[in-house]
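For reference, the structure discussed in these notes is given below.
What follows is the structure, encoded as structure tokens:
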């Protein structure tokens, strides 16, 4: 967290840097409290930078978050989370197989008229050095992390801390795990984006733009798919509520806000 007077409202001074609540507002919806923003702010910023460094896109000197709004990937305006479009376009220009325009369109839902790619080859040697190892180990790393995270979460909710020091320690550990999860998710998202761009280009060259979505399907391994399948089981009395909550109880309305009560604490939205 920076030493600014109001961390929930940054001051951006460069009119050429555009910001968007698209995409990021799904992960951190609404207006953050001071506690929520202190949990996610530098955690998300550092996670994103570590991910881009692991892919070879950022230099080691760029790992530390910047102090100015324009030097960061994500800030808050009046408590609402916004992403730096220009910073993400820079990642697209540096990443082989991707582009600034594709990043802007896919991540933020639209592309401004007149926007131009400015690709650079300066990071190609570093991407060639780091990216293959990152790609080869990503799936195994993700699965190990997910297994460990699920076990840790279940243990924490079944036997929560009984004093303030224990609660603080758990919050610190949760933030470290949140940062790592966001780092791995960023790597996965950026690689998937680059691959999707190649599928789109291939379909366009073949004159079959209608095939790009058919060629990028298959979601059986996603946690969200399991959530829906288990919800069907719960609705048809083939799973009891405690079992469902032990698997999916961290979901709830306005996820991404610590002030929200998740299903485990308040299951009424789930039961309805």
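Residue numbers (our numbering): 2 to 273.
For every residue, glycine included, the Cβ atom is placed at its ideal position computed from N, Cα and C.
Contact between the region 9-23 and the region 46-58 is absent: fewer than three C-beta pairs spanning the two stretches fall below 8 angstroms. Contact annotation, residue 226 with residue 197: C-beta distance approximately 19 angstroms; criterion of less than 8 angstroms not satisfied.
For residue 37, the three-state secondary structure derived from DSSP is helix.
Taken through DSSP and simplified to helix, strand or coil, residue 81 comes out as strand.
Cβ-Cβ separation between residue 83 and residue 153: approximately 31 angstroms, too far for a contact (criterion under 8 angstroms).
Linking residue 145 to residue 102 through their CA atoms gives a straight-line distance of about 34 angstroms. For the options 87, 43, 267, 63, the alpha carbon positioned closest to that of residue 77 is the one of 43. With three or more CB-CB distances shorter than 8 angstroms, the region 83-98 counts as touching the region 108-126. According to the DSSP assignment, residue 197 belongs to the alpha helix (DSSP H) that extends over 165-206.
About 6 angstroms separates the beta carbon of residue 264 from that of residue 246, a gap short enough to meet the 8 angstroms contact definition. Its Cα nearest to that of residue 201, the residue 212 stands out among 212, 192, 191. Here residue 240 carries a coil assignment [DSSP, helix/strand/coil]. Of the residues 18, 162, 252, the one whose Cα lies closest to the Cα of residue 88 is 18. Assignment of residue 56 by DSSP, reduced to helix, strand and coil, places it in the coil class. In the structure shown, residue 273 falls within a coil segment according to DSSP collapsed to helix, strand and coil. Straight-line spacing of the CA atoms in residue 238 and residue 224 works out to 21 angstroms. With 16 or more other CB atoms across the displayed protein chains lying within 10 angstroms of its CB, residue 49 is buried. In this structure, the CA atom of residue 9 is about 17 angstroms from the CA atom of residue 28. In the DSSP assignment, the residues bridged to residue 32 are 81.
Rounded to the nearest angstrom, the gap between the Cα atoms of residue 129 and residue 135 is 11 angstroms.
Taking residue 107 as the centre and dropping the five residues before and after it, the same chain places the C-beta of 194 closer than 6 angstroms to its C-beta, in chain order. Cβ-Cβ separation between residue 30 and residue 255: approximately 5 angstroms, consistent with a contact (criterion under 8 angstroms).
Around the CB of residue 38, 16 or more other CB atoms lie within 10 Å, so the residue is classed as buried.
Given a length threshold of 4 residues, each whole run of the alpha helix (DSSP H) inside the region 110-162 is given here in chain order: 125-159. If you look at residue 94, you'll find it in the alpha helix (DSSP H) that goes 86-95. The beta carbon of residue 143 sits closer than 8 angstroms to the beta carbons of 185, 189 from its chain, once the five residues preceding and following it are set aside; these are given in chain order. Counting other Cβ atoms within 10 Å of its Cβ, residue 63 stays below 16 and is therefore classed as exposed.
A straight-line Cα-Cα distance of about 8 angstroms links residue 248 and residue 228. One Cα belongs to residue 178, the other to residue 209, and the distance between them is close to 42 angstroms.
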